[in-house]
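Worksheet for the structure shown next.
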Amino acid sequence: MNLSICYDSLYRIAAGGVFIALCFGILRILEYIVCNTCGEEPQPVYSRIPFLGHALGLVRHGVSFYERLQVSSGLPIATVFLGLQKVYIINSPELVSHVNRAPKAMNTALPFLVVVCGKLCGMEQDDLETLMKNPTVRGSPWRDIQECIHAHLDAGSSSGKEITSRVANELWKGIDECSQRKGTANLLKWLQGIFAHSTGHAVFGPTHCLAQDPAIIDSLWIMANGLKKLTMWPFPSFSARTATQAREKVAHSEIVKSLMQCIHKHSMGTKFAARFFLGLISGFVINTVPAAFWLIGHISEDEQLKAMIREELNQVVTSDTCGNLTISPEAVRGRCPYLMSTCHEVLRLISSSTSTFFIHQDTYLNNRYLLKKGAILQVASTAIHSNTDIWGPAAQAFKPDRFVKPQKVHPSANRTFGGGITLCPGRQLAMNELILTVAMIFHTFDVEFSPETPRLPAPMVTDMLSVKKPVTDLKIRMLRRPGMEHVSWVFREP
Numbered sequence: 001m002n003l004s005i006c007y008d009s010l011y012r013i014a015a016g017g018v019f020i021a022l023c024f025g026i027l028r029i030l031e032y033i034v035c036n037t038c039g040e041e042p043q044p045v046y047s048r049i050p051f052l053g054h055a056l057g058l059v060r061h062g063v064s065f066y067e068r069l070q071v072s073s074g075l076p077i078a079t080v081f082l083g084l085q086k087v088y089i090i091n092s093p094e095l096v097s098h099v100n101r102a103p104k105a106m107n108t109a110l111p112f113l114v115v116v117c118g119k120l121c122g123m124e125q126d127d128l129e130t131l132m133k134n135p136t137v138r139g140s141p142w143r144d145i146q147e148c149i150h151a152h153l154d155a156g157s158s159s160g161k162e163i164t165s166r167v168a169n170e171l172w173k174g175i176d177e178c179s180q181r182k183g184t185a186n187l188l189k190w191l192q193g194i195f196a197h198s199t200g201h202a203v204f205g206p207t208h209c210l211a212q213d214p215a216i217i218d219s220l221w222i223m224a225n226g227l228k229k230l231t232m233w234p235f236p237s238f239s240a241r242t243a244t245q246a247r248e249k250v251a252h253s254e255i256v257k258s259l260m261q262c263i264h265k266h267s268m269g270t271k272f273a274a275r276f277f278l279g280l281i282s283g284f285v286i287n288t289v290p291a292a293f294w295l296i297g298h299i300s301e302d303e304q305l306k307a308m309i310r311e312e313l314n315q316v317v318t319s320d321t322c323g324n325l326t327i328s329p330e331a332v333r334g335r336c337p338y339l340m341s342t343c344h345e346v347l348r349l350i351s352s353s354t355s356t357f358f359i360h361q362d363t364y365l366n367n368r369y370l371l372k373k374g375a376i377l378q379v380a381s382t383a384i385h386s387n388t389d390i391w392g393p394a395a396q397a398f399k400p401d402r403f404v405k406p407q408k409v410h411p412s413a414n415r416t417f418g419g420g421i422t423l424c425p426g427r428q429l430a431m432n433e434l435i436l437t438v439a440m441i442f443h444t445f446d447v448e449f450s451p452e453t454p455r456l457p458a459p460m461v462t463d464m465l466s467v468k469k470p471v472t473d474l475k476i477r478m479l480r481r482p483g484m485e486h487v488s489w490v491f492r493e494p
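Structure, rendered in structure tokens:
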């Protein structure tokens, strides 16, 4: 009898295995039929799980999904299917340069609006549809907004210089205040506060919402930490409840709403204004703060690099008649090669942005690869920046002198701020903030790691932020250097 039960169990297990294998085989055949490509399209890469494998991989691995795909496939461009959606993923800088030459067949505004304005910022459907109408046509709401942002954030414009000076002055106040505290500070948490406040002050004025209610700063970062759930998970009001509630607290600030008068040209309401400025302030700080964290951390733990950067800063820091120190971003860019190389190298390592294009007409890439209408094209910086064929065997290592004498790599291999029509409009402001922060801190202070956190943490590679944040925070102590006990920094507005 026991033997009979044993045979019966084995039979059930075998039957179940056969059934599962049969179902898997049917799904795989259906996938090959439904998710197919023609001979001229990029080679398809199928996942182990039919239909859903790549989508589940993206949810699980975040931005590192693209790096894994590049390593496993070794293809310059590949076709994958996220469910039934066809996606072309480019891993080759040479092909990226050809993407920049085919703007008429591709649209990057629609994916940006859907993900950032719709999912991240929670913009109402009517407002989102208004922005999505002819977004690349001159005179449309989205085109006008983009031209306004580019004009005001250009480093050479009076507005751009004014914003940089205001941000730097407010950052110095935060740095000086931190140095006067007893004990240690959590570096990431501290940077989140001073960058949000400084940027809010520079862009929105001294009575900005973040100054009136400091709790909104916490809400901003709770929202940022929930970006993956807000943009990728279904029903975010339930699956990303904490991030959604934090987003609403930031978006409903009265000060933010009152700054939307320029939108009235297109008869957009204050609700749209609040959502749009939520996205704007998020764009200013969400990526800059982790970048500042890694810059300060890498320089602090490398004594030789720190000494070289200080030697460069000694040549460009000036003082006024009152003894206040100042420095210009232009001087740093032109005369501080190791500081600039360190900035570029840190950004290369931590950049995880993904440029997304919607293909709205059949087109050929490099006269070789057919891109079909209705598909999506993506360029992931993680896959390109970690590619040893491009950056050498030490592609994933931190080499602060990598850009002092730049390697002979393709210009499109550096995707720190995107490229072509996806080039970040705030890139110059972001870089200015980073180099001025580094200059003020390391020219004036010694930065020490606390024994509780003696070394830099690992980067988080499973999120969907454009910059990799640290897995844990870093405790630091800032002490004024000898001879710097009473100095202050002042940046004059143009």
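Just so you know, we're using full-length UniProt numbering here: the sequence shown kicks off at 1 and counts up by one.
Where is the CB? At the ideal position from N, CA and C, for every residue including glycine.
Keep in mind it's a predicted model, so treat the numbers as computed, not measured.
Cβ-based neighbour list, residue i, same chain, cut-off 6 Å, excluding 5 preceding and 5 following
i: residue 149; result: 425
i: residue 134; result: 140
i: residue 502; result: Outside the shown range of the chain, which is 1 to 494, sits residue 502, and nothing can be said about it.
i: residue 487; result: 325
i: residue 18; result: none
Option in the options with minimal Cα separation from residue i
i: residue 373; options: 107, 64 and 435; result: 107
i: residue 53; options: 174, 143, 85 and 444; result: 85
i: residue 473; options: 452, 467, 489 and 42; result: 452
i: residue 188; options: 330, 487, 471 and 201; result: 471
i: residue 461; options: 46, 62, 57 and 33; result: 62
i: residue 162; options: 380, 389, 459 and 328; result: 328
i: residue 296; options: 439, 83 and 179; result: 439
i: residue 182; options: 492, 421, 487 and 478; result: 478
i: residue 171; options: 127, 14 and 285; result: 285
i: residue 110; options: 393, 375 and 475; result: 375
i: residue 480; options: 83, 204, 127 and 175; result: 175
i: residue 301; options: 33, 64, 454 and 83; result: 454
i: residue 69; options: 378, 468 and 457; result: 378
i: residue 99; options: 423, 192, 330 and 33; result: 423
i: residue 420; options: 104, 12 and 77; result: 104
i: residue 168; options: 198, 180, 177 and 184; result: 198
Beta-carbon proximity of residue i to residue j, cut-off 8 Å
i: residue 352; j: residue 382; result: yes
i: residue 365; j: residue 95; result: yes
i: residue 412; j: residue 97; result: yes
i: residue 338; j: residue 42; result: no
i: residue 387; j: residue 155; result: no
i: residue 346; j: residue 380; result: no
i: residue 293; j: residue 349; result: no
i: residue 50; j: residue 79; result: no
i: residue 206; j: residue 410; result: no
i: residue 191; j: residue 428; result: no
i: residue 332; j: residue 194; result: no
i: residue 55; j: residue 82; result: yes
i: residue 492; j: residue 165; result: yes
i: residue 450; j: residue 184; result: yes
Proximal residues to residue i (C-beta, below 8 Å), its chain only, five neighbours per side dropped
i: residue 344; result: 402, 403, 414 and 416
i: residue 261; result: For residue 261, the predicted structure reports a pLDDT of 44, less than 50, and the residue's modelled location is therefore unreliable. The matter cannot be settled from this model.
i: residue 320; result: 326 and 490
i: residue 157; result: 151
i: residue 305; result: 298, 299, 338, 342 and 400
i: residue 203; result: 163, 280, 281 and 284
Nonlocal neighbours in the same chain, by C-beta distance under 7 Å from residue i, ignoring five residues either side
i: residue 315; result: 335
i: residue 67; result: 382, 383 and 386
i: residue 146; result: none
i: residue 482; result: none
i: residue 467; result: 287, 290, 291, 350, 351 and 352
i: residue 137; result: 143
i: residue 186; result: 473 and 475
i: residue 32; result: none
Within-8 Å CB hit, residue i to chain E
i: residue 343; result: The structure shown contains no chain E; it holds only a single protein chain.
Run through the region 156-212 for me and flag every whole alpha helix (DSSP H) of 4 or more residues, listed as ranges in chain order.
The region 156-212 contains these whole alpha helix (DSSP H) runs: 158-179, 187-204 and 209-212.
Would you list, in sequence order, the uninterrupted beta strand (DSSP E) runs of no fewer than 3 residues that lie entirely inside the region 284-329?
Counting whole runs of 3 or more residues, the region 284-329 contains no beta strand (DSSP E) stretch at all.
Quick test of the definition: if touching needs 3 or more C-beta pairs under 8 Å, does the region 123-142 touch the region 442-451?
no
Contiguous beta strand (DSSP E) assignments of at least 3 residues, all confined to the region 419-476:
Counting whole runs of 3 or more residues, the region 419-476 contains the beta strand (DSSP E) stretches 445-449.
For a minimum of 3 consecutive residues, which ranges assigned as the beta strand (DSSP E) are wholly contained in the region 344-373?
354-359, 363-365 and 369-371
Unbroken stretches of the beta strand (DSSP E), 3 residues or longer, contained in the region 42-117
77-82 and 85-90
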